[in-house]
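Some notes on the structure that comes next.
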Amino acid sequence: MKDWASALQIVDQEIARAPADMDVRAWRARILAWSGNLAEAEREYLQILQVSKSDPDNWLGLANVYLGEGKSLDALRALDIAVALDPGRADVRMARGRALAAAGDRKSAQLEFQQALNLNPANEEARIAQRSVLGQPKNELRFGQEDNAFNFLYPNYDEWLSVKTQWSPRWSTTFL
Numbered sequence: 004m005k006d007w008a009s010a011l012q013i014v015d016q017e018i019a020r021a022p023a024d025m026d027v028r029a030w031r032a033r034i035l036a037w038s039g040n041l042a043e044a045e046r047e048y049l050q051i052l053q054v055s056k057s058d059p060d061n062w063l064g065l066a067n068v069y070l071g072e073g074k075s076l077d078a079l080r081a082l083d084i085a086v087a088l089d090p091g092r093a094d095v096r097m098a099r100g101r102a103l104a105a106a107g108d109r110k111s112a113q114l115e116f117q118q119a120l121n122l123n124p125a126n127e128e129a130r131i132a133q134r135s136v137l138g139q140p141k142n143e144l145r146f147g148q149e150d151n152a153f154n155f156l157y158p159n160y161d162e163w164l165s166v167k168t169q170w171s172p173r174w175s176t177t178f179l
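Per our numbering: the sequence shown = residues 4 to 179.
This is the structure we're talking about:
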């Protein structure tokens, strides 16, 4: 069982003892986000970032909150800063790839997942995400035959064939 209220109470006690400790404030923001209180978590992260803008974890946390709120463009802006602060972190690249996919930019998302793989070749999550974000072209072949047994004047016999290829989520080709 996750007792977010107790966790928040403990963190609030630590903040009362050391109000300038941004690490404790960051933990408060994380707990708020984990408990589903995204609006308050966003406010907390923004207050932290007014004081300390150099920690990529805070930008990553804010981006996760933005993604939870459906603000993918704001999440991308926060993740751009996190990547600029620490370009060698695979987890930041993964988060940026997820944000790009949420924004509908699947090609850029695939490139971000590749960057995460370059930084950490053992990252199975990045490998799976990279393969799944674009999807593979899907081909469908249909054929059939129709007979009209109730037409006594002319025999009615018909064959048909259709081919459909789904190239991407937006583009497909159909031949009838």
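By construction, the Cβ of each residue, glycine as well, lies at the ideal position given by its N, Cα and C atoms.
Practice prompt. Would you kindly work out how many angstroms separate the C-alpha atoms of Thr177 and Asp94, rounded to a whole number?
Written response: It is roughly 40 Å from the alpha-carbon of Thr177 to the alpha-carbon of Asp94.
Worksheet item: Does the beta-carbon of Asn67 have 16 or more other beta-carbons within 10 angstroms, so that it is buried, or is it exposed?
Response: In summary, Asn67 is buried, with 16 or more beta-carbon neighbours lying within 10 Å of its beta-carbon over all protein chains present.
Item to complete: Find the nearest neighbour of Ala119 within the set Ala106, Pro90 and Arg109, judged by alpha-carbon distance.
Response: Of the residues Ala106, Pro90 and Arg109, the one whose Cα lies closest to the Cα of Ala119 is Pro90.
Worksheet item: In this structure, does DSSP put Ser57 in helix, strand or coil?
Response: In the structure shown, the three-state DSSP call for Ser57 is coil.
Worksheet item: Any idea if Trp37 is buried or exposed, counting beta-carbon neighbours within 10 angstroms, 16 or more meaning buried?
Response: Exposed, because fewer than 16 other Cβ atoms sit within 10 Å of the Cβ of Trp37.
Practice prompt. Leaving out five residues on either side along the sequence, give the residues of the same chain with a beta carbon under 6 Å from the beta carbon of Arg2.
Written response: The structure shown does not extend to residue 2, since the chain is modelled only from 4 through 179, so no value can be given for it.
Worksheet item: So, is Ala104 buried or exposed, given that buried needs 16 or more other C-beta atoms within 10 angstroms?
Response: Looking at its Cβ environment, which holds 16 or more other Cβ atoms inside 10 Å, Ala104 is buried.
Discussion item. As a quick exercise: from Ala32, Tyr69 and Asn40, pick the residue whose alpha carbon is nearest that of Ile51.
Written reply: Out of Ala32, Tyr69 and Asn40, Ala32 has the C-alpha closest to the C-alpha of Ile51.
Discussion item. Could you tell me the alpha carbon to alpha carbon distance between Ala8 and Gly39, rounded to whole angstroms?
Written reply: One C-alpha to the other measures close to 12 Å.
Discussion item. Would the region 116 to 130 count as touching the region 73 to 93 if we require 3 or more Cβ pairs under 8 Å?
Written reply: Yes, the region 116 to 130 is in contact with the region 73 to 93.
Item to complete: Could I get the ranges of all uninterrupted alpha helix (DSSP H) runs contained in the region 99 to 133, with 4 residues as the minimum, in chain order?
Response: Counting whole runs of 4 or more residues, the region 99 to 133 contains the alpha helix (DSSP H) stretches 109 to 122.
Fill in: Contact set for Glu115: own chain, Cβ-Cβ below 8 Å, skip 5 residues either direction
Excluding sequence positions up to five before and after Glu115, its CB lies within less than 8 Å of the CB of Arg96, Met97, Arg99, Gly100 and Leu103, all in the same chain and listed in chain order.
Discussion item. On the CB-based measure, 16 or more other CB atoms within 10 Å of its CB, does Gln53 come out buried or exposed?
Written reply: By the 16-neighbour rule on beta-carbons within 10 angstroms, Gln53 is exposed.
Worksheet item: Which word fits Glu47, buried or exposed, when buried means at least 16 other C-beta atoms lie within 10 angstroms of its C-beta?
Response: Buried, because 16 or more other Cβ atoms sit within 10 Å of the Cβ of Glu47.
Worksheet item: Quick one: Cα of Ala85 to Cα of Leu49, how far?
Response: One C-alpha to the other measures close to 14 Å.
Worksheet entry | Per-residue DSSP class, three states only, for Glu162 | Three-state result, Glu162: strand.
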